[in-house]
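Q: First to last, the protein sequences are chains A and B.
If you read the first sequence in this note's numbering, its first letter stands for residue 180, the second for the next number, and so on.
If you read the second sequence in this note's numbering, its first letter stands for residue 180, the second for the next number, and so on.
Glycine included, every Cβ here is placed at the ideal spot set by N, Cα and C.
There are 2 protein chains.
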Amino acid sequence: MSVTAAQGFTAAGIHAGVKEGDALDLALVASSSGPIAAAAVFTQSLTEAAPVTLSREHIADGRAHAVVLNSGCANAGTGVRGAAAAHAMAVAVGKALSTDPTNVVVCSTGAIGPELPVSLPDGATALVAALDTVNHTLAAEAILTTDTFTKEAVVKREGWVIGGMAKGAGMIRPNMATMLSVLTTDAVVSSDVLQSTLIASVRRTFNCLNIDGCQSTNDAVILMASGASGIAPDLDVFEAALATVCFSLARQMAEDAEGASRVVTLNVSGAANARDAHQLGMAVANSALVRCSFYGGDPNWGRVYGALGVAGVSLAANEVSIAYNGMTVAHGGGEAPFDRDSLLADLAEGEIIVDIVVGHGPGSASIVTTDLTPEYVTFNGEPS
Amino acid sequence: MSVTAAQGFTAAGIHAGVKEGDALDLALVASSSGPIAAAAVFTQSLTEAAPVTLSREHIADGRAHAVVLNSGCANAGTGVRGAAAAHAMAVAVGKALSTDPTNVVVCSTGAIGPELPVSLPDGATALVAALDTVNHTLAAEAILTTDTFTKEAVVKREGWVIGGMAKGAGMIRPNMATMLSVLTTDAVVSSDVLQSTLIASVRRTFNCLNIDGCQSTNDAVILMASGASGIAPDLDVFEAALATVCFSLARQMAEDAEGASRVVTLNVSGAANARDAHQLGMAVANSALVRCSFYGGDPNWGRVYGALGVAGVSLAANEVSIAYNGMTVAHGGGEAPFDRDSLLADLAEGEIIVDIVVGHGPGSASIVTTDLTPEYVTFNGEPS
Numbered sequence: 180m181s182v183t184a185a186q187g188f189t190a191a192g193i194h195a196g197v198k199e200g201d202a203l204d205l206a207l208v209a210s211s212s213g214p215i216a217a218a219a220v221f222t223q224s225l226t227e228a229a230p231v232t233l234s235r236e237h238i239a240d241g242r243a244h245a246v247v248l249n250s251g252c253a254n255a256g257t258g259v260r261g262a263a264a265a266h267a268m269a270v271a272v273g274k275a276l277s278t279d280p281t282n283v284v285v286c287s288t289g290a291i292g293p294e295l296p297v298s299l300p301d302g303a304t305a306l307v308a309a310l311d312t313v314n315h316t317l318a319a320e321a322i323l324t325t326d327t328f329t330k331e332a333v334v335k336r337e338g339w340v341i342g343g344m345a346k347g348a349g350m351i352r353p354n355m356a357t358m359l360s361v362l363t364t365d366a367v368v369s370s371d372v373l374q375s376t377l378i379a380s381v382r383r384t385f386n387c388l389n390i391d392g393c394q395s396t397n398d399a400v401i402l403m404a405s406g407a408s409g410i411a412p413d414l415d416v417f418e419a420a421l422a423t424v425c426f427s428l429a430r431q432m433a434e435d436a437e438g439a440s441r442v443v444t445l446n447v448s449g450a451a452n453a454r455d456a457h458q459l460g461m462a463v464a465n466s467a468l469v470r471c472s473f474y475g476g477d478p479n480w481g482r483v484y485g486a487l488g489v490a491g492v493s494l495a496a497n498e499v500s501i502a503y504n505g506m507t508v509a510h511g512g513g514e515a516p517f518d519r520d521s522l523l524a525d526l527a528e529g530e531i532i533v534d535i536v537v538g539h540g541p542g543s544a545s546i547v548t549t550d551l552t553p554e555y556v557t558f559n560g561e562p563s
Numbered sequence: 180m181s182v183t184a185a186q187g188f189t190a191a192g193i194h195a196g197v198k199e200g201d202a203l204d205l206a207l208v209a210s211s212s213g214p215i216a217a218a219a220v221f222t223q224s225l226t227e228a229a230p231v232t233l234s235r236e237h238i239a240d241g242r243a244h245a246v247v248l249n250s251g252c253a254n255a256g257t258g259v260r261g262a263a264a265a266h267a268m269a270v271a272v273g274k275a276l277s278t279d280p281t282n283v284v285v286c287s288t289g290a291i292g293p294e295l296p297v298s299l300p301d302g303a304t305a306l307v308a309a310l311d312t313v314n315h316t317l318a319a320e321a322i323l324t325t326d327t328f329t330k331e332a333v334v335k336r337e338g339w340v341i342g343g344m345a346k347g348a349g350m351i352r353p354n355m356a357t358m359l360s361v362l363t364t365d366a367v368v369s370s371d372v373l374q375s376t377l378i379a380s381v382r383r384t385f386n387c388l389n390i391d392g393c394q395s396t397n398d399a400v401i402l403m404a405s406g407a408s409g410i411a412p413d414l415d416v417f418e419a420a421l422a423t424v425c426f427s428l429a430r431q432m433a434e435d436a437e438g439a440s441r442v443v444t445l446n447v448s449g450a451a452n453a454r455d456a457h458q459l460g461m462a463v464a465n466s467a468l469v470r471c472s473f474y475g476g477d478p479n480w481g482r483v484y485g486a487l488g489v490a491g492v493s494l495a496a497n498e499v500s501i502a503y504n505g506m507t508v509a510h511g512g513g514e515a516p517f518d519r520d521s522l523l524a525d526l527a528e529g530e531i532i533v534d535i536v537v538g539h540g541p542g543s544a545s546i547v548t549t550d551l552t553p554e555y556v557t558f559n560g561e562p563s
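1. Which residues bound the alpha helix (DSSP H) around B/E418?
2. Taking only beta-carbon positions, decide if B/I215 is within less than 8 angstroms of chain C.
3. How many angstroms separate the CA atom of B/L487 from the CA atom of A/A229?
4. Excluding the 5 residues flanking B/K358 on each side, which residues of the same chain have their C-beta closer than 7 angstroms to its C-beta?
5. Taking all protein chains shown into account, decide if A/T327 is buried (16 or more other Cβ within 10 angstroms of its Cβ) or exposed.
6. Mark B/G213 as exposed unless 16 or more other C-beta atoms lie within 10 angstroms of its C-beta, in which case mark it buried.
7. Would you verify that the beta carbon of A/Y503 is, or is not, closer than 8 angstroms to some beta carbon of chain B?
8. Cβ of B/A275 within 8 angstroms of Cβ of B/T232?
9. In terms of residue numbering, what span does the alpha helix (DSSP H) encompassing B/I378 cover?
10. Please give the ranges of any beta strand (DSSP E) in the segment 197-265 of chain B, keeping only runs that are unbroken, at least 3 residues long and fully inside the region.
11. Between which two residues does the alpha helix (DSSP H) holding B/M461 run?
12. Pairing CB atoms from the segment 527-539 of chain A with CB atoms from the segment 296-312 of chain B, are three or more of them under 8 angstroms?
13. Rounded to the nearest angstrom, what separates B/I322 and A/I378 at their Cα positions?
14. Quick one, which residues of the segment 466-480 of chain B are near chain A if we go by CB-CB under 9 angstroms, in chain order?
15. Excluding five sequence neighbours on each side, which residues of the same chain lie with their C-beta closer than 8 angstroms to the C-beta of B/K330?
16. What does a CB cutoff of less than 8 angstroms around B/T518 pick up in its chain, not counting 5 residues either side in sequence?
17. Between A/L362 and the ligand ZN, is the CB less than 7 angstroms from at least one heavy atom?
18. Using a Cβ-Cβ distance cut-off of 8 angstroms, determine whether A/V443 contacts chain B.
19. Give me the Cβ distance between A/G256 and B/G512, rounded to the nearest whole Å; I'm assuming they're in contact under 8 angstroms.
20. Is the number of C-beta pairs between the segment 471-488 of chain B and the segment 463-473 of chain A that are closer than 8 angstroms three or more?
21. Does the pairing of the segment 199-214 of chain B with the segment 242-257 of chain B give three or more beta-carbon distances under 8 angstroms?
22. Using only the alpha-carbon positions, how far apart do B/S500 and B/L522 sit?
23. Residues in the segment 541-560 of chain B with C-beta within 9 angstroms of chain A's C-beta atoms, listed in sequence order?
24. Assign B/W339 to one of three DSSP states: helix, strand, or coil.
25. Give the list of continuous alpha helix (DSSP H) stretches no shorter than 4 residues that lie fully inside the segment 472-558 of chain A.
26. Quick one: is A/N497 near chain B, going by C-beta distance under 8 angstroms?
27. Near B/A467, which residues of its chain fall below 7 angstroms by C-beta distance, leaving aside the five closest residues on each side in sequence?
28. Under 9 angstroms Cβ-Cβ, which residues of chain A neighbour B/A515?
29. So that I know if they touch, is there some Cβ in chain A lying closer than 8 angstroms to that of B/I378?
30. Going along chain A in order, which residues have a C-beta closer than 7 angstroms to the C-beta of B/S395?
31. Once you ignore the five residues that flank B/A515 on each side, which residues in its own chain have a CB closer than 7 angstroms to its CB?
32. Would B/V424 and B/V400 be called neighbours here (beta carbons separated by less than 8 angstroms)?
33. Using three-state DSSP, classify B/A275 as helix, strand or coil.
34. How would you label B/A185, buried or exposed, when you count the other beta carbons within 10 angstroms and need 16 or more for buried?
35. Closest Cβ-Cβ distance between B/P230 and chain A: below 8 angstroms?
36. Taking 8 angstroms as the cut-off, does the segment 534-548 of chain A touch the segment 440-458 of chain A (at least 3 CB pairs, one atom from each stretch)?
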């Protein structure tokens with residue numbers, strides 16, 4: 180059910196002329212009871228897209244009525260006309276929903292540079308007419324770009340629900356590059372708490388995903404709370420449930436990463452603090468050489484070791500231990516005896532888990548990444 | 180002539196049992212007149228290799244007699260035994276040259292993790308016996324790893340010379356990842372000036388090279404001055420000549436980068452200062468998505484624009500202009516009209532020059548990188 184699993188929400192996904200053929204390219208998630216509490220986390224890019232700039236303003240009051248999202252065009256690098264196009268979309272959806280345009284959050288994803296079709300706002304009427312609780316998967320489909328499957332998740336707790344949908348594929352890194360996600364809940368939560376909870380959940384989930392080291396102009400995660408369940412949950416329980424939904428969506432993005440053949444989890448521990456552990460894990464995930472070795476199923480701990488050394492974090496090289504799928508291949512900063520043939524067989528296919536211990540500190544982090552494949556390069560090398 | 184072009188130097192390259200077969204794997208560059216003025220720049224990695232740690236100490240007095248370099252094994256991630264192996268190499272070469280071991284600089288390059296053969300120091304006698312002014316190319320060959328050709332350069336000025344050799348291939352990024360270079364001159368220059376001049380030249384050349392965003396455990400650039408010409412050059416002229424040699428070697432590394440099919444120069448201008456321009460250019464060169472587009476000959480300025488936005492440098496998005504091979508494709512933060520067919524034909528093969536103007540400031544930088552290719556991934560994906 181994803182974004183319509185919680186009471187008080189409807190969704191729609193239609194073709195509105197951005198993508199070729201009749202592919203779905205315009206999605207809407209709307210509150211059934213007018214503007215409600217809402218929160219958002221956006222990209223930190225200084226070349227952020229026009230809809231990001233607009234949506235920051237529209238959600239600044241902690242309330243939203245609906246989120247409209249198009250795929251097939253990022254409306255980024257589009258200057259003044261891009262800003263006008265994003266605004267026109269909010270106006271059209273606001274009119275169709277009989278709500279102020281400032282209650283509409285606008286998201287776009289796709290290629291950077293091209294402009295949105297000027298006729299896109301004309302689709303708002305049909306989009307609003309299509310709103311229904313059963314159309315969540317159409318909405319999830321309408322936000323896809325190079326993704327190969329829709330990404331939805333739901334967590335149910337006593338009397339309340341959190342659901343969500345997301346898209347992502349390449350260009351995914353901390354601060355949520357080229358990913359969009361809309362999350363909804365019927366729990367009773369104030370917008371201030373929504374915002375702080377969302378930031379914490381994003382930090383623990385989406386920001387621990389590093390597909391190709393690239394960040395985007397358009398990232399956005401939007402969370403709306405209808406309060407329709409009438410239940411105000413314990414905030415720790417709420418935050419844990421939200422993180423569960425976000426983690427599921429992040430995980431689905433890794434599985435669907437452009438051209439990737441395997442998901443890799445990097446568990447860093449023993450760092451001075453969680454921030455250092457995160458930075459070390461990200462440095463390993465940023466290394467093209469390391470990610471090539473994942474592709475080949477090569478337990479090339481030397482490349483991991485090399486990446487740790489330049490992560491910008493204080494490190495005692497002789498305390499580093501590295502294990503692949505539970506088999507220790509390096510400790511004390513040097514190679515450990517291990518059964519290479521057995522490990523190569525184990526790494527020949529499927530997921531890889533790399534445990535990296537860097538010392539005796541309390542800091543730990545888990546980073547999800549993928550291998551770097553020839554297919555990724557071919558896919559991203561062709562002129563569009 | 181490279182490292183023996185300047186008076187007062189001999190060189191040798193032999194097979195000493197690190198690589199398989201009879202491939203050259205041990206090189207020596209030696210002063211003919213005992214310890215002389217010397218300077219070095221090493222990797223900033225916190226997991227630096229044993230020979231780097233040793234060589235920092237040996238060159239701390241600003242003097243060196245010889246540089247011994249092996250390929251085929253980085254002697255990194257080798258703990259206490261690695262330190263002993265590097266020391267043993269210095270002792271053996273020192274004995275063969277009748278000089279104190281602390282006058283010997285030791286460099287290694289190759290895979291991280293494996294240990295050097297314990298018999299390697301036995302090769303020192305044959306290595307010293309092979310020293311000659313004509314053997315510079317054998318020395319340049321003996322330091323290669325995945326390189327496909329030797330890299331040598333010479334600049335002659337009035338009465339004095341600077342020459343050098345280098346190796347590099349993948350894993351090349353600021354701070355000179357996996358590159359080794361030995362430079363020699365017969366100019367009369369003090370070790371203090373050598374050091375400051377070398378730092379400036381490395382910053383302008385090797386550190387502007389970004390092949391795959393990876394830094395190494397073993398990078399080292401060593402510069403020795405024999406003074407045998409008897410001429411103390413103007414320091415600006417000396418620094419310019421040194422930068423010319425370094426730039427030639429850096430350029431050769433880019434041309435020989437693992438799996439790369441084309442060299443790309445990123446000229447960033449209009450930044451607040453040179454440091455910002457360098458950081459912006461490096462962020463573009465670090466982007467896997469951008470480097471895939473170079474592979475495909477795709478003038479995908481949107482990816483460049485996206486990379487600029489997350490470079491960590493203050494930026495006015497609406498002042499960004501981007502040109503490929505002289506043809507402007509974006510200005511004012513948005514797409515510019517351009518002849519796409521003509522540009523695609525121009526970018527179909529060969530070098531690419533991308534001019535990126537980010538504002539009206541005085542800061543500029545040129546970064547040399549390459550495309551990211553399926554061959555790079557395949558090459559680096561296989562278990563060794």
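A: So, to answer that:
1. In the second sequence, counting from the first residue as 1, residue 418 of chain B sits at position 239. Looking at the DSSP string, the run of the alpha helix (DSSP H) that includes B/E418 is 414-434.
2. This model lacks chain C altogether, as its protein chains are A and B.
3. One-based indexing of the second sequence puts residue 487 of chain B at position 308. One-based indexing of the first sequence puts residue 229 of chain A at position 50. Answer to the nearest angstrom: the Cα atoms are 16 angstroms apart.
4. The count along the second sequence starts at 1 and reaches residue 358 of chain B at position 179. One point to set straight first is that residue 358 of chain B is Met, not Lys, in the sequence displayed. Excluding positions up to five away in sequence, the list reads A345, K346, G347, I351, F385, D398, M432.
5. Position 148 of the first sequence, counted from the first residue, corresponds to residue 327 of chain A. So A/T327 counts as exposed.
6. Position 34 of the second sequence, counting from 1, holds the residue named residue 213 of chain B. B/G213 comes out exposed.
7. Here residue 503 of chain A is taken as the residue at index 324 of the first sequence, counted from 1. Not one chain B Cβ lies under 8 angstroms of A/Y503.
8. Translated into positions along the second sequence, residue 275 of chain B becomes position 96. Translated into positions along the second sequence, residue 232 of chain B becomes position 53. Their beta carbons are not under 8 angstroms apart, which means B/A275 does not touch B/T232 by this criterion.
9. To locate residue 378 of chain B, count along the second sequence from 1; it is residue 199. 370-383 is the extent of the alpha helix (DSSP H) around B/I378.
10. Qualifying beta strand (DSSP E) stretches, in chain order: 205-210, 215-221, 245-250.
11. For the purposes of this step, residue 461 of chain B is taken as the residue at position 282 of the second sequence. Its alpha helix (DSSP H) spans residues 453-465.
12. no
13. The count along the second sequence starts at 1 and reaches residue 322 of chain B at position 143. The count along the first sequence starts at 1 and reaches residue 378 of chain A at position 199. Roughly 50 angstroms separates the two Cα atoms.
14. Legend: CB atoms of the segment 466-480 of chain B lying less than 9 angstroms from CB atoms of chain A belong to residues S466, A467, L468, V469, R470, C471, S472, F473, Y474, G475, G476, D477, P478, N479, W480.
15. Within the second sequence, the letter at position 151 stands for residue 330 of chain B. Result list for B/K330: A319, M344, A345, K346, G347, L428, Q431, M432, D435, in chain order.
16. Indexing the second sequence from 1 puts residue 518 of chain B at position 339. With the sequence shown as reference, residue 518 of chain B is identified as Asp, and Thr is not the correct amino acid for it. Closer than 8 angstroms at Cβ, skipping near neighbours: M506.
17. This structure lacks the ligand ZN, and indeed carries no ligand of any kind.
18. Residue 443 of chain A sits at position 264 when you count from the first residue of the first sequence. Judged by the 8 angstroms Cβ criterion, A/V443 is not in contact with chain B.
19. Locating residue 256 of chain A in the first sequence gives position 77, where the first residue counts as 1. Locating residue 512 of chain B in the second sequence gives position 333, where the first residue counts as 1. Between B/G512 and A/G256 the Cβ distance is about 6 angstroms, and since that is below 8 angstroms, they are a contact.
20. no
21. Yes: at least three Cβ pairs fall under 8 angstroms.
22. Counting from one through the second sequence, the residue named residue 500 of chain B turns up at place 321. Counting from one through the second sequence, the residue named residue 522 of chain B turns up at place 343. Those two C-alpha atoms are separated by around 16 angstroms.
23. From the segment 541-560 of chain B, only D550, L551, T552, P553, E554, Y555, V556, T557, F558, N559, G560 have a Cβ closer than 9 angstroms to chain A.
24. In the second sequence, the residue the question calls residue 339 of chain B occupies position 160. Three-state DSSP puts B/W339 in a strand.
25. 480-488, 519-525
26. Locating residue 497 of chain A in the first sequence gives position 318, where the first residue counts as 1. A/N497 counts as touching chain B.
27. Your numbering for residue 467 of chain B matches position 288 in the second sequence. Answer for B/A467: L551, listed in chain order.
28. Looking up residue 515 of chain B in the second sequence gives position 336. Chain A residues near B/A515: none, gap ~10 angstroms exceeds 9 angstroms.
29. In the second sequence, residue 378 of chain B corresponds to position 199, counting from 1. No, B/I378 does not count as interfacial toward chain A.
30. Here residue 395 of chain B refers to the residue found at position 216 of the second sequence. Ordered by position in chain A, the residues that pass the 7 angstroms Cβ test against B/S395 are G485.
31. Taking the first residue of the second sequence as 1, we reach residue 515 of chain B at position 336. Within the same chain, B/A515 has close Cβ partners T507, V508, A509.
32. The residue you call residue 424 of chain B lines up with position 245 of the second sequence. The residue you call residue 400 of chain B lines up with position 221 of the second sequence. In this structure, B/V400 does not lie closer than 8 angstroms to B/V424 by Cβ.
33. Locating residue 275 of chain B in the second sequence gives position 96, where the first residue counts as 1. B/A275 sits in a helix when the DSSP states are folded into three classes.
34. As a first step, residue 185 of chain B must be located in the second sequence, where it is residue number 6. In this structure B/A185 is buried. Its beta-carbon is surrounded by 16 or more other beta-carbon atoms within 10 angstroms.
35. Here residue 230 of chain B refers to the residue found at position 51 when the second sequence is read from its first residue. Not closer than 8 angstroms to any Cβ of chain A, the Cβ of B/P230 fails to qualify, so no.
36. Short answer: they touch.
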